[in-house]
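Participant: 24 is the number of the first residue of the sequence shown in the working numbering; add one for each residue after it.
Cβ coordinates follow ideal geometry from the N, Cα and C atoms, glycine included.
Supplied in structure tokens, the structure appears directly below.
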Amino acid sequence: MNVLVTGGMGYIGSHTCVELTNIGHNPIIIDNLSNSKPEVQDKIEKITGKRPVFYEGDVADKSLLNKIFTDNKIEAVIHFAGYKAVGESVEKPLMYYRNNIGNTVALCEVMTEFNCKNIIFSSSATVYGAPKSVPINEDFELHCTNPYGRTKYMIEEILRDLYISDNTWNITLLRYFNPIGAHDSGLIGEDPQGIPNNLMPYIMKVALGELPCLNVFGNDYNTHDGTGVRDYIHVVDLAKGHIKALENLNGMSVYNLGTGTGYSVLDLVKAFEKENNIKVPYEIKGRRPGDIDSCFANPDKALKELGWKAELNVEQMCSSVWKYAQNYINKK
Ligand SMILES: NC(=O)c1ccc[n+]([C@@H]2O[C@H](COP(=O)([O-])OP(=O)(O)OC[C@H]3O[C@@H](n4cnc5c(N)ncnc54)[C@H](O)[C@@H]3O)[C@@H](O)[C@H]2O)c1
């Protein structure tokens with residue numbers, strides 16, 4: 024199957040291209056490289072033995088999309104392209120609304136023209152806001168707390184409206200919990216620019232000596248050690264979730280992709296230290312506004328309907344990140 028992967032040079036997209044290729048599909052990537060590097064194409068080729076087709080450009084560029092759909096018989100789209108930094112979205116909301124929402128509308132318009140009506144969309148657990156309880160089910164009320172989250176919520180609504188207008192579409196919304204880890208080869212992983220927004224890339228940079236110490240925001244949450252608890256999922260498991268979603272596209276659906284298990288900030292730090300035999304100094308700071316005690320998925324629906332379950336454990340998440348980080352130092 025020819026699958027258009029928007030944002031396929033990025034963190035989750037590149038791992039998904041590897042899994043697509045591994046089972047004989049052809050990923051066709053569009054990416055404007057705003058948060059990724061061109062060498063990812065070589066790395067995907069090195070891992071899979073097959074070079075993915077790559078178009079450099081913006082998903083909002085409808086003439087480029089037209090060319091891609093004309094050149095390739097695209098049967099389905101996995102739509103990752105978008106900005107994802109919560110803090111930046113608070114400072115630059117219009118940039119987020121334009122990029123995340125504008126590009127999705129352009130994409131769906133071109134898909135309609137080419138009668139390609141199969142799409143999997145990267146949503147996020149952030150759409151649940153502060154959930155009333157955990158684990159979180161897909162039918163929980165949605166309320167977002169920042170512009171990034173609202174772009175995800177609004178895109179979900181746009182895609183629901185599209186389905187209501189034409190139920191020959193197959194649309195799957197995947198709500199990711201906290202993807203971490205890297206490919207076993209150590210060739211691809213998360214490569215954040217500047218100060219990372221997420222915990223694992225921060226730990227990685229502290230372990231590499233690029234940042235002096237990890238700031239742990241709050242140790243008075245209602246959790247077993249006082250630090251925030253999240254559902255960390257290995258990016259390779261997440262990528263495989265997209266394959267299952269692709270195989271099961273059927274009308275309008277929404278799934279949580281998480282492990283169902285919560286780990287605290289300090290659990291993750293300790294697991295990283297133990298697995299990689301390296302110290303990660305940290306300091307406790309005050310809570311960050313908007314952070315919540317615990318957030319983890321009920322992943323049963325994905326198991327029941329897609330036959331998908333996360334298989335990799337937190338030790339594998341930590342060791343793969345360190346392997347990737349060391350490749351990354353060797354390259355510098
Ligand atoms: N990583 C997470 O923690 C997480 C959690 C939940 C949801 N998501 C969502 O999953 C998707 C992928 O996330 P990721 O972590 O791989 O991010 P990423 O930044 O590594 O990948 C996104 C890719 O999209 C590209 N891109 C951005 N805007 C574009 C545009 N207009 N046209 C073409 N390319 C564009 C970037 O260059 C990048 O390569 C995003 O939509 C993100 O919001 C990520």
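#1: Would you call the region 106-121 and the region 84-95 touching, i.e. three or more CB-CB distances under 8 Å?
#2: Thinking C-alpha only, which one of Ala320, Tyr278 and Asn336 is nearest Leu329?
#3: Would you kindly work out how many angstroms separate the C-alpha atoms of Asn299 and Val292, rounded to a whole number?
#4: Is the beta carbon of Trp331 less than 8 Å from the beta carbon of Lys267?
#5: How would you write the range of the alpha helix (DSSP H) that Tyr171 sits in, first residue to last?
#6: Which first and last residues belong to the alpha helix (DSSP H) in which Pro158 is found?
#7: On the DSSP letters alone, give me the boundaries of the alpha helix (DSSP H) that Tyr119 sits inside.
#8: Mark Ser287 as exposed unless 16 or more other C-beta atoms lie within 10 angstroms of its C-beta, in which case mark it buried.
#9: Can you give the Cα-Cα distance for Lys327 and Asn321, rounded to whole angstroms?
#10: Which of the three DSSP states, helix, strand or coil, is assigned to Pro75?
#11: On the three-state DSSP scale, how would you describe Lys297?
#12: To the nearest whole angstrom, what separates the beta carbons of Ile142 and Ile194, a pair I think is in contact under 8 Å?
#13: Is the separation between the beta-carbon of Ser147 and that of Arg198 shorter than 8 Å?
#14: Tell me where the alpha helix (DSSP H) around Glu42 begins and ends.
#15: May I ask which residues mark the beginning and end of the beta strand (DSSP E) holding His102?
#16: Check whether the Cβ of Ile211 sits closer than 7 Å to any heavy atom of ligand 1, and report yes or no.
#17: Opposite Leu27 in the DSSP bridges: which residues?
Facilitator: Based on what the coordinates show:
#1: no
#2: Tyr278
#3: 11 Å
#4: yes
#5: Pro170 to Ser188
#6: Note, Pro158: premise wrong, no alpha helix (DSSP H); not H, not E.
#7: Pro116 to Tyr119
#8: buried
#9: 12 Å
#10: coil
#11: helix
#12: 5 Å
#13: yes
#14: Tyr34 to Asn45
#15: Ala99 to His102
#16: no
#17: Ile51 and Val100
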